[in-house]
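Below you'll find the structure, written out as structure tokens, and then a few comments.
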């Protein structure tokens, strides 16, 4: 029988939403971020989306955290942008313990933490999670592979935390040095875990699971041993929205992942990750009842330069909003000879291509071909701008 991290993981949907709504309204009242309490989590869609570009601009005007609500924190980290994030040292501040527990990591384990401790928070995120499950940590950081292999052998490391591919580098180096390692568990993130690599680890007796986390939000979703999608963490609220907007998509549609963190020290509201994903139906076979997502499915920021002009997802969203009969639209960039060509495919139940062409020119600031296609014709991949030009 699966041992869960806590009772929160097996709550009913109604109990979870009621509890999260109460916490959310408490944070809104505490930090004065809404005029009135929300009646349901669906009301989150009324609040604006906060994007990384907004965060960079705010932090330039009001360093280091852009006047966003921040509690009593212990660290300041820097990520590319630059973006500055706070960090705490209280129990499971980034909510990584839940994922490590799902990996089977706990008391008696020694975790070789190969995430960076330099400026970025990744190393501290996993160290904080290891403490939450009672594991010891070898703070290895990145690089110096020969020393990493030697330390893993000498210390008796049983679990690895780091990017998916670096574990193989350590294992291969240990083989080369004739060192037997005891690693049987791996908690990975920060890159794609390809099926072939997971299979190779399994052949070595290492169970490898992945999480989806960011420096700003901490853990967002994670795999369980069922390996059936990624289970959303109990401390965040996830929405899937049409790229370039804050409008939730229909169930199962691919869109941009927008996350609200319920961390009282850093409650980010509707933070757009820039990543694409989709909600999976049902619940995990492992017994955890929270929403599941497919994981990372590409980037939502598909801004593309066509004919020397940038075309952005929010412009495509504005085009759709202009015409009630338009369900979806997709901008496709191609080349004919040495010239860029922009084609706009529009899912609509009616309308006139010439009329839509005028709207295309006004909203996208470019003229292009318009093709009307039946509803449901466009792929469910979250793309609103597709660049088919060859750059070879």
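Numbering (the numbering used here), first residue to last: 107 to 498.
Heads up, the beta-carbon is just placed ideally off N, CA and C, and yes, glycines get one too.
Inset, instruction - May I ask you to report which of helix, strand or coil DSSP gives residue 114? - result: Counting from 1 along the chain shown, the entry for residue 114 is found at position 8. It is helical.
Inset, instruction - Name the residue from 369, 363, 312 and 352 whose alpha carbon lies nearest to the alpha carbon of residue 340. - result: Start at 1 with the first residue of the chain shown, and residue 340 comes out as number 234. The candidate whose alpha carbon is nearest that of residue 340 is 369.
Legend entry - Which listed residue (405, 306 and 462) has its alpha carbon closest to that of residue 488: Start at 1 with the first residue of the chain shown, and residue 488 comes out as number 382. Of the candidates 405, 306 and 462, the one whose C-alpha sits nearest the C-alpha of residue 488 is 405.
Inset, instruction - Pick helix, strand or coil for residue 107, following the three-state DSSP scheme. - result: Within the chain shown, residue 107 is the residue found at index 1, counting from 1. Interpretation of residue 107 is limited by its pLDDT of 47, a score under 50 that renders its predicted location unreliable; the figure taken from the coordinates is listed afterwards. Three-state result, residue 107: coil.
Inset, instruction - List in chain order: all unbroken alpha helix (DSSP H) runs of 4+ residues lying wholly within the region 116 to 156. - result: 119 to 137
Inset, instruction - Could you check the C-alpha separation between residue 273 and residue 205 for me, to the nearest Å? - result: Against the chain shown, residue 273 aligns to sequence position 167. Against the chain shown, residue 205 aligns to sequence position 99. The alpha-carbon atoms of residue 273 and residue 205 are separated by roughly 18 Å.
Inset, instruction - Give the straight-line distance between the Cα atoms of residue 316 and residue 464, rounded to the nearest whole angstrom. - result: Residue 316 sits at position 210 when you count from the first residue of the chain shown. Residue 464 sits at position 358 when you count from the first residue of the chain shown. In this structure, the straight-line span from the alpha carbon of residue 316 to that of residue 464 is close to 47 Å.
Inset, instruction - Work out the CA separation of residue 335 and residue 171 for me, nearest whole Å. - result: For this step, residue 171 is matched to residue 65 along the chain shown. For this step, residue 335 is matched to residue 229 along the chain shown. Note on geometry: alpha-carbon atoms of residue 171 and residue 335 lie some 33 Å from one another.
Inset, instruction - Consult DSSP for residue 230 and reduce its assignment to one of helix, strand or coil. - result: As a first step, residue 230 is located in the chain shown; it is residue number 124 there, counting from the start. Looking at residue 230 - three-state DSSP - the assignment turns out to be helix.
Inset, instruction - Classify residue 315 as helix, strand or coil using the three-state DSSP reduction. - result: Numbered from 1 along the chain shown, position 209 holds the residue referred to as residue 315. In this structure, residue 315 counts as strand in the three-state DSSP scheme.
Inset, instruction - Compare the beta carbon distance of residue 478 and residue 459 with 8 Å and say whether it is the shorter of the two. - result: Within the chain shown, numbered from 1, the residue matching residue 478 stands at position 372. Within the chain shown, numbered from 1, the residue matching residue 459 stands at position 353. Yes, these two residues count as a Cβ contact at 8 Å.
Inset, instruction - Just the C-alpha distance for residue 217 and residue 486, rounded to the nearest angstrom, thanks. - result: Against the chain shown, residue 217 aligns to sequence position 111. Against the chain shown, residue 486 aligns to sequence position 380. Near 39 Å, if we compare the C-alpha coordinates of residue 486 and residue 217.
Legend entry - Buried/exposed call for residue 355, threshold 16 Cβ in 10 Å: Here residue 355 refers to the residue found at position 249 of the chain shown. Buried: at least 16 other Cβ atoms inside 10 Å.
Inset, instruction - Answer with buried or exposed for residue 107, where buried requires no fewer than 16 other C-beta atoms within 10 angstroms of its C-beta. - result: Along the chain shown, one-based indexing puts residue 107 at 1. Confidence at residue 107 is low in this model, with a pLDDT of 47, below 50, so the placement of that residue is unreliable and no value is reported for it.
Inset, instruction - Any chance you could list the alpha helix (DSSP H) runs of at least 4 consecutive residues sitting entirely within the region 223 to 306, in chain order? - result: Here the runs fully enclosed are 228 to 238, 251 to 261 and 272 to 283.
Inset, instruction - Identify which residue in 116, 142 and 115 has its Cα closest to the Cα of residue 128. - result: Residue numbering aside, residue 128 sits at position 22 when the chain shown is read from its first letter. Nearest C-alpha to residue 128: 142.
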